[in-house]
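The structure appears below as structure tokens.
Protein chains: 2
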Amino acid sequence: MPNSPAIDDYLKTVYAHTEWQDAPITPSVLAAKLGIAPSSVTEMVKKLGAQGLVAHEPYRAVRLTPEGERRALEMVRRHRLIETWLVEEYGYAWDEVHEEAEVLEHTISDRLLEKIDARLGRPRFDPHGDPIPDAAGVVERVRFVLLAEAPAGHEGRVLRVSDRDPGLLRLIEGAGIAVGQDVRVAPAGLEIAGTPVALPAGAAEVIWLSA
Amino acid sequence: MPNSPAIDDYLKTVYAHTEWQDAPITPSVLAAKLGIAPSSVTEMVKKLGAQGLVAHEPYRAVRLTPEGERRALEMVRRHRLIETWLVEEYGYAWDEVHEEAEVLEHTISDRLLEKIDARLGRPRFDPHGDPIPDAAGVVERVRFVLLAEAPAGHEGRVLRVSDRDPGLLRLIEGAGIAVGQDVRVAPAGLEIAGTPVALPAGAAEVIWLSA
DNA sequence: CGGCTCTTTTCGGGTCACCTAAATATCTGC
DNA sequence: GCAGATATTTAGGTGACCCGAAAAGAGCCG
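Same order as they appear, the protein sequences are chains A and B. Positions 1 to 211 (our numbering) are the ones given, in order, by the first sequence. Positions 212 to 422 (our numbering) are the ones given, in order, by the second sequence.
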């Protein structure tokens, strides 16, 4: 059973959904994230099930099998390594890499990917703070809290900013927030080194802090 | 009329055929080069004709329209720049780049391609000696002879070695022949700096010399 | 627990790029 | 200039992946 770009995208999306929260993904959410009709998801999920890549009972959420997860991690690795590479070597800003990586992850050969990985010094996190699985599919796990759910007064480091919305990413960057920064959760925003910082609308839903 | 990888491959292949010889390509040759059935070519050529990319009357050869050539040159540029980049930056050998470039040429964005071009210093020839069209589609043209058709005693520089057959490329490299070298055509092979060099079978059909 | 809503699936279709087999046009040698 | 060989086109499919409309299941509220 050979893979295809479409299949890889499904697996990656299912995986990504559970990476920073625990509920498994439902078909409608999967459809929304992939930008396709729910009926198409039903069909494809059936195929993935037949290939042993996902477990799925009708009208229930979709989960990856171990083999499905293995392949998903492979794609996540590709995506994040490529994003890192575009930022480090080609002067892309962290909010500009997602789309290009979305395409290249399907077409760069294993060989080139390995050279890229080596050249970057086998990075363990991408520019958004997401961990990059190693070639064996092992991922670093860190304890985290979503900013929207962190109590006021919580102190931590900005671990990750979701790369789903480039516009929001730019606003967040404009507000002076960067991955790796030490921050403190204020009643209505963040404090960086004691200085309060106003957050763009929706930002608390895409910023993760260390626990 | 959006492009597709398939369409781009047709245009590029039609263009490539007339680049180093003059007869326009026939459907069967096109099918052979693309590795698909002749009937598929008929169908696709009809579509390309409807889009104004090729001129074709039934049972005749296929020619590019100006617009078709423009797009073909765009693809040729992509292919050759990517090949050059893989050799210069990622340590690929000149016989290893073709396949990777074949895929990446369809998926690298204009923006990344431009950065690659700039980083390489806007090269005008690729590792096989093929000229790289500039962003406006202008190509360097050089007077050339196919080795198989050069008279014994002819002296010239190795301009180009076709990249179609990686195995043959390796044999040619193994024989000590490289792009840019000054050579002399001997009755049964080549002379490099007076030393006769034996040629692998078929090599004379893929090596071009300056006229 | 019955009805209403929202989610998911089923069903019939569509496009793209490919295929094989069969028909037809062109070319070549005599 | 005609027969046979060869090239090309037509006709009828196929597999991926997607769609919208309609049917069916699941969840919830009174």
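The C-beta atom is built at its ideal place from N, Cα and C for all residues, glycine as well.
Asked: In chain order, what residues of the same chain have a beta carbon less than 7 Å from the beta carbon of H317 (chain B), not counting five sequence neighbours either side?; Found: P216 and D219
Asked: Examine chain B for any beta-carbon lying closer than 8 Å to the beta-carbon of E100 (chain A), and answer yes or no.; Found: yes
Asked: Rounded to the nearest angstrom, what separates R164 (chain A) and P411 (chain B) at their Cα positions?; Found: 54 Å
Asked: So V314 (chain B) contacts chain A; which residues on that side make the cut at Cβ distance below 7 Å?; Found: T107
Asked: Does L323 (chain B) get closer than 8 Å to chain A when you measure Cβ to Cβ?; Found: yes
Asked: Do you know how far the Cα of M44 (chain A) is from the Cα of A32 (chain A)?; Found: 14 Å
Asked: How about V273 (chain B) and I236 (chain B): do their beta carbons lie closer than 8 Å?; Found: yes
Asked: Going along chain A, which residues have a C-beta under 9 Å from G302 (chain B)?; Found: K115
Asked: Cα separation between Q232 (chain B) and V350 (chain B)?; Found: 16 Å
Asked: Check whether the region 126-134 of chain A and the region 54-68 of chain A are in contact - that is, three or more C-beta pairs closer than 8 Å.; Found: no
Asked: Leaving out five residues on either side along the sequence, give the residues of the same chain with a beta carbon under 7 Å from the beta carbon of D130 (chain A).; Found: R80 and R160
Asked: Use the C-beta contact count for R333 (chain B): other C-beta atoms within 10 angstroms, 16 or more gives buried, fewer gives exposed.; Found: exposed
Asked: So, I82 (chain A) versus L48 (chain A), is the Cβ gap smaller than 8 Å?; Found: no
Asked: Check G202 (chain A) in the structure and name its three-state DSSP category.; Found: coil
Asked: Across which residues does DSSP place T195 (chain A) in a beta bridge pair?; Found: A:I192
Asked: Roughly how many angstroms separate the alpha carbons of H309 (chain B) and V287 (chain B), rounded to a whole number?; Found: 12 Å
Asked: Identify whether E19 (chain A) lies in helix, strand or coil by the three-state DSSP scheme.; Found: helix
Asked: Within 10 Å of its beta-carbon, does G35 (chain A) have 16 or more other beta-carbons around it, so buried, or fewer, so exposed?; Found: exposed
Asked: DSSP three-state label for D393 (chain B), please.; Found: strand
Asked: Only counting runs of 3 or more residues, tell me where the beta strand (DSSP E) segments fall wholly within the region 312-385 of chain B, in order along the chain.; Found: 355-357 and 366-372
Asked: Can you have a look at K223 (chain B) and say buried or exposed, based on whether 16 or more other CB atoms are within 10 angstroms of its CB?; Found: buried
Asked: Kindly indicate the opening and closing residues of the beta strand (DSSP E) around S180 (chain B).; Found: Shown here, chain B extends from 212 to 422; a query on residue 180 (chain B) therefore has no answer.
Asked: With DSSP as the reference, please indicate the residues paired to V54 (chain A) in a beta bridge.; Found: A:L64
Asked: If you count every other CB in all the chains shown that lies within 10 Å of the CB of T195 (chain A), and 16 or more means buried, which is it?; Found: exposed
Asked: Please state if the CB of L297 (chain B) and the CB of G279 (chain B) are separated by a distance shorter than 8 Å.; Found: no
Asked: If contacts are defined as beta-carbon pairs under 8 Å, then H420 (chain B) and A347 (chain B) qualify, I think. What distance do you get, rounded to the angstrom?; Found: The sequence given here places Leu at residue 420 (chain B); His does not occur at that position. About 29 Å separates the two Cβ atoms, so there is no contact after all.
Asked: Helix, strand or coil for I7 (chain A)? Go by DSSP, reduced to three states.; Found: helix
Asked: Specify the secondary structure class of I82 (chain A) as computed by DSSP and reduced to three states.; Found: helix
Asked: So, under 8 Å CB-CB, G364 (chain B) and A422 (chain B) are touching, yes? Tell me the CB distance rounded to an integer number of Å.; Found: Wrong, their Cβ atoms sit about 14 Å apart, outside the cutoff.
Asked: Compute the Euclidean distance between the alpha carbons of L324 (chain B) and R289 (chain B), then round it to the nearest angstrom.; Found: 7 Å
Asked: What number of angstroms, rounded off, separates the C-alpha of V408 (chain B) from the C-alpha of V369 (chain B)?; Found: 14 Å
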